[in-house]
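So the structure is just underneath, and the comments pick up after that.
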Amino acid sequence: MYKLTGEFSQNTARAVEAAGSSMIAQGQFSFDLSGLERIDSAAVAVMIEWQRQADKQNRAMEFHDAPAGLLSLIRLYGLTEQFQLTASAGRH
1 MYKLTGEFSQ
11 NTARAVEAAG
21 SSMIAQGQFS
31 FDLSGLERID
41 SAAVAVMIEW
51 QRQADKQNRA
61 MEFHDAPAGL
71 LSLIRLYGLT
81 EQFQLTASAG
91 RH
């Protein structure tokens with residue numbers, strides 16, 4: 001599982017997207033989001049791109065331990081059904 005940490009925002013989106021895309025190219029489709037601290041809507045856009053990449057390979061992305069702020073953004077944009085998300089018991 002690929003673990004993302006730190007900021008996932010407009011400031012870091014390109015670098016985070018590139019790192020995640022590299023992992024997808026290597027066959028990794030399970031991402032741990034528990035280490036994310038600062039998130040904005042750019043994170044959702046990048047996740048959509050990763051999902052597209054996985055779809056091209058007929059694979060599903062799995063996003064684990066999504067922080068509450070990210071889950072709220074995904075709900076706000078009506079994308080709950082777009083992603084396979086899990087949240088840990090302590091992060092609601």
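Quick note on UniProt numbering: the sequence shown kicks off at 1 and runs consecutively. Every residue gets a Cβ at the ideal spot worked out from N, C-alpha and C, and that includes glycine.
Here Ala-42 is near Gln-10, since their CB atoms are less than 7 Å apart. The three-state reading of DSSP puts Arg-59 in coil, since its state is none of H, G, I, E or B.
Put simply, of Ile-48, Phe-8, Ala-60 the residue whose alpha carbon is nearest the alpha carbon of Gln-28 is Ala-60. In this chain, the alpha helix (DSSP H) harbouring Glu-17 covers 13 to 25. A residue is called buried when at least 16 other Cβ atoms come within 10 angstroms of its Cβ; Gln-57 does not meet this threshold and is exposed.
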